[in-house]
Amino acid sequence: MTVGPEPGATVRAKVVAVAAHGAAIVCSHVAREGLPIMYAQRGAPIRPEDSGWQFLCNEGVEHTDAAVWSVSEVLEHEPTLLGLLEGPPGTQVVRERRERAWKVVPPR
Ligand SMILES: [Zn+2]
């Protein structure tokens, strides 16, 4: 599995800024098999340390196994999500292909 380049100083500062969002769910395909994140959805946090964010390899895939990462770990893994995770519960962040830009879908 590939890991992105070491984040620069600006990236690092932003990672610190969103670290308060806490823990996130990452599907096993992303966490263990190295698939790219293609879909993220923020649910209502259950505990104060939860961000509510789930990061999945794909929206339509059935997921029975997942890992818990911090949001800052997710951003180090996928720096293109920087600045896109500030939305309230119900927000979705999606992209059609890995090389495409993310689309932020606000809560309905
Ligand atoms: Zn998956």
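First residue of the sequence shown? That's 44 in my numbering, and the numbers climb one at a time after it.
All C-beta atoms, glycine included, are put in the ideal place defined by N, C-alpha and C.
(1) Smallest Cα separation from P132: which of P149, P91, C100?
(2) Around ligand 1, what residues have a beta-carbon under 7 Å from a heavy atom of it, in chain order?
(3) Let's test the definition: count the other Cβ atoms within 10 Å of the Cβ of H106 and tell me whether it reaches 16, buried, or not, exposed.
(4) Could you give the C-beta distance for V114 and L128, rounded to a whole number, given that I count them as a contact under 8 Å?
(5) Return the chain-ordered ranges of every beta strand (DSSP E) run that is complete within the region 58–104 and spans a minimum of 3 residues.
(6) What's the C-alpha gap between S94 and T134?
(7) What number of angstroms, rounded off, separates the C-alpha of A83 from the C-alpha of L99?
(8) Can you tell me where the alpha helix (DSSP H) holding L128 begins and where it ends?
In short, the structure shows the following:
(1) P149
(2) C70, S71, H72, V73, L78, L99, C100, N101, V104, H106
(3) exposed
(4) 7 Å
(5) 66–70, 82–85, 93–99
(6) 12 Å
(7) 6 Å
(8) That residue, L128, is in no alpha helix (DSSP H); it is neither H nor E in DSSP.
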